[in-house]
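*Asks:* Protein chains in written order, with the working numbering: chain A, 133 to 322; chain B, -19 to 158; chain C, 67 to 270.
Below you will find the structure I want to go over with you.
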Amino acid sequence: MSLPLDSYFTGGQALAVALAIGVAFGWALERSGLGSARKLVGQFYLTDLTVFKVLFTAIVTAMLGTFWLARLGLLDLSRVYVPETHLVPQLTGGLVFGAGFALAGLCPGTSCVAAATGRIDGALVAIGMLCGVLATGLSFTSWRDFYDSGNRGTWTLPELLHLPYGVVVAGVVALALAGFRAAEWVERRS
Amino acid sequence: MSAPRAAHADGRPYANPYVAGFGLGLVLLAAFVVMGRGLGASGAFASAASGLAAAAAPTAAAANPFFARYLGQAGGPWRDWLLFEIAGVALGGFLSAWLAGRLRREVERGRGVSPAARLTIAFTGGAVMGFGAVLARGCTSGQALTGGALLSVGSWAFMITAFAGAYLVAPMLKRAWR
Amino acid sequence: MTPLSAPRALAGVALVLGVLAAFAGGPGREHPGDSTASTPATAAAQRDADAVTAIDLAQWIRARRPGLQVIDLRAADQFGDYHVPSARNAPGAALDSLRIAVEDTIVLYSESSDQAARAAKLLRGRGYPDAHFLHGGLAAWIEQVMNPILADDASPVAKAEFQRLAELSRYFGGVPRAGVAAGRPPAPATSVPDAVVRLRGRGC
């Protein structure tokens, strides 16, 4: 039996897995307080950097886990889906998304947590998200060329930097740990 | 005067962010190992939007290249993996808050803004994120978290510009969160 | 001395694993079930051959072969409708605008073999020794990778081969079909839009 296990699941079983993983995901988000817009926006006013700490701890954890499972021959990396890079749309989309994030005080995932815990603003963010996606889809022909531009396929940092995978992993860990130190300092100052 | 440190809702205090982040990272790793894919959120919204579009106007929706992709999935848009995942997210969030005594019906806002204004801004922010997430092929869950852990260039680019965009807009709303 | 808290412990573990990762070398490309050529002799033989089969290309993409560049020579809207995963678009063989390196393994494809074969020959002439074309074009990709068929009366060897192929097909969101009755002509090669419809959603 080799990892990942997805080829062993039927469609229905995969959906059950989705639900289970989602529950764990939502649980972790709520536990960290990211289901609260008031707490979340502290990131943008540099008073509460929970977003940064949770996000990068998660990234480092999953990154190290992925690297080492693959290195030990347990995980077949080629069967793990890596999002493709569409450079300019992602840079632009990121900027726009970030602006919306600051307005809403919640991201799509955390808005669902907020809504589920009774926050009406969370529900409105989610509804707004749905409307925004719908409107973008309806007007898709206007954006299509831009949307399709900058396709670099699967492109990873090791390839970009011409460095071995493990070295980039080490670099990201170092960056994250330094970032956490800085975050603690910033929070103490505020 | 800096914005007050956000107090937790009545109930048990939140978990240590590093510990919670570690847990989240394990969930993400589990997704890689079990399903060969990562987490996401905006894709669920896209599937739902496609499903709604198809319910309203089936032929037009199928002809729309954006919706068609989600409509054409095995089982249709309502059996999208991310849709089930996000349902789980809501359930998990609810359970966690319930057990910690943090369930509360309210409009989270600062003292400087009325509920109606906050809700309007929240909706607008959501809509703007919807547009951005389509262009970027994901959001903080799918791109920053998942793509970040997998070291995808586009995902890191998204992460950087998303934080930049947020820091650019946030000062305009400072009064709303005071 | 400060007591060891959970965050500190995690940071320590991360640091150790991170530093070790820098010295660990990359995860090997060889893994169970991978049939990508890895010996110098077979690699050279592959390089000399101009044409690449759809199955080979699929395996290369899946194995994330370093330096692989898949180029779609069709029009932009056709590309938008469907393209081989990881492919980039160069409509009308406008190859000058693309960033390709001499060491890259370039696989060009068009609707059928012809246009891509000519473009590959052109690139080789310009000093890109590892330029190939997809034999049978996108039609072959859809037929062999996205919709492989196993006839009912296939031999056990063929059946075993099909299992591996089916796994590869599913990776790309294809729909392998077994149990096509002998004597009945196989279902016509699916059109590109149908292939699009069956693509497994991989959104975020």
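Note that CB positions come from ideal geometry on N, CA and C, so glycine has one too.
The structure displayed is predicted, hence computed values, not measured ones.
#1: In whole angstroms, give me the CA-to-CA distance for L83/C and L196/A.
#2: State the Cα-Cα distance for the pair A150/A and G174/A, rounded to the nearest angstrom.
#3: Just the chain A side, please: which residues come within less than 8 Å of L204/C by C-beta, in chain order?
#4: Measuring straight from C-alpha to C-alpha, what distance separates V136/C and L153/B?
#5: Of the residues A142/B, P95/B and R82/B, which one's Cα is nearest the Cα of M109/B?
#6: Taking buried to mean at least 16 other C-beta atoms within 10 Å of its own C-beta, is H198/C buried or exposed?
#7: At which residue ranges does the region 198 to 286 of chain A contain complete alpha helix (DSSP H) runs of 4 or more residues, listed in the order of the chain?
#8: Might you give, ordered along the chain, the residues of its own chain that have their beta carbon closer than 7 Å to the beta carbon of A116/B, omitting 5 neighbours on each side?
#9: Which residues mark the beginning and the end of the beta strand (DSSP E) in which A153/C is found?
#10: Report the partner residues of H198/C according to the DSSP bridge assignment.
#11: For T142/A, would you say it is in contact with chain C, using Cβ-to-Cβ distances shorter than 8 Å as the test?
#12: Around the C-beta of S322/A, are 16 or more other C-beta atoms found within 10 angstroms, so that it is buried, or is it exposed?
#13: Just verifying my parser: in three-state terms, what is the DSSP assignment at T119/C?
#14: Cutting at 7 Å between CB atoms, please list the residues of its own chain near A206/C, excluding the five before and the five after it.
#15: Among A77/B, A70/B, R85/B and R89/B, whose alpha-carbon lies nearest the alpha-carbon of A234/A?
#16: Is T171/C buried or exposed, if buried means 16 or more other CB atoms sit within 10 Å of its CB?
#17: Restricting to Cα atoms, I'd like to know which of R155/B, L51/B, A146/B and G81/B is closest to R91/B.
#18: If you draw a straight line from the C-alpha of F141/A to the C-alpha of L135/A, how long is it?
#19: So, is Q210/C buried or exposed, given that buried needs 16 or more other C-beta atoms within 10 angstroms?
#20: Please decide whether Q222/A counts as near chain B, where near means a Cβ-Cβ distance under 8 Å.
#21: With a threshold of 8 Å between beta-carbons, can L164/C be considered close to chain A, or not?
#22: I need the straight-line Cα distance from W78/B to V69/B, nearest angstrom please.
#23: Which of the three DSSP states is assigned to I66/B in this structure?
#24: To which residues of the same chain is L148/B closer than 6 Å at the C-beta, ignoring the five residues directly before and after it?
#25: Using a Cβ-Cβ distance under 8 Å, would W200/A count as near chain C?
#26: Indicate whether L172/A and V183/A have their beta-carbon atoms separated by less than 8 Å.
#27: Compare the beta carbon distance of S132/B and V192/A with 8 Å and say whether it is the shorter of the two.
#28: Could you have a look at S322/A and say whether DSSP puts it in helix, strand or coil?
#29: Is A10/B helix, strand or coil when you go by DSSP?
#30: For Q53/B, which residues of its own chain have a beta-carbon under 8 Å away from its beta-carbon, when the five flanking residues on both sides are left out?
#31: With respect to the alpha helix (DSSP H) encompassing I208/C, which residues constitute its N-terminal and C-terminal limits?
#32: Determine the chain A residues that contact S176/C at a beta-carbon separation under 8 Å, and present them in chain order.
#33: Residues of chain C with CB under 8 Å from A156/A, in chain order?
#34: Using the rule of at least 16 other Cβ atoms within 10 Å of the residue's Cβ for burial, across every protein chain shown, is E96/C buried or exposed?
#35: Distance cutoff 8 Å, beta carbons only. Does G158/C sit that close to anything in chain B?
#36: Would you kindly check if the distance between the Cβ of A41/B and the Cβ of A34/B is under 8 Å?
*Replies:* By the coordinates alone:
#1: 7 Å
#2: 31 Å
#3: Within 8 Å Cβ-Cβ: nothing; L204/C doesn't reach chain A, min ~16 Å.
#4: 46 Å
#5: A142/B
#6: buried
#7: 219 to 236, 240 to 248, 252 to 270 and 272 to 280
#8: Q123 and F138
#9: A153 to N155
#10: V173/C
#11: no
#12: exposed
#13: coil
#14: A120 and L200
#15: R89/B
#16: buried
#17: R155/B
#18: 12 Å
#19: buried
#20: yes
#21: no
#22: 14 Å
#23: helix
#24: none
#25: yes
#26: yes
#27: no
#28: coil
#29: helix
#30: S27, R59 and D60
#31: That residue, I208/C, is in no alpha helix (DSSP H); it is neither H nor E in DSSP.
#32: Correct list: empty, because the minimum Cβ distance to chain A is about 17 Å.
#33: None at all; the shortest Cβ gap to chain C is about 18 Å.
#34: In this prediction, E96/C scores a pLDDT of 30, lower than 50, which makes its location untrustworthy; no coordinate-derived value is stated.
#35: no
#36: yes
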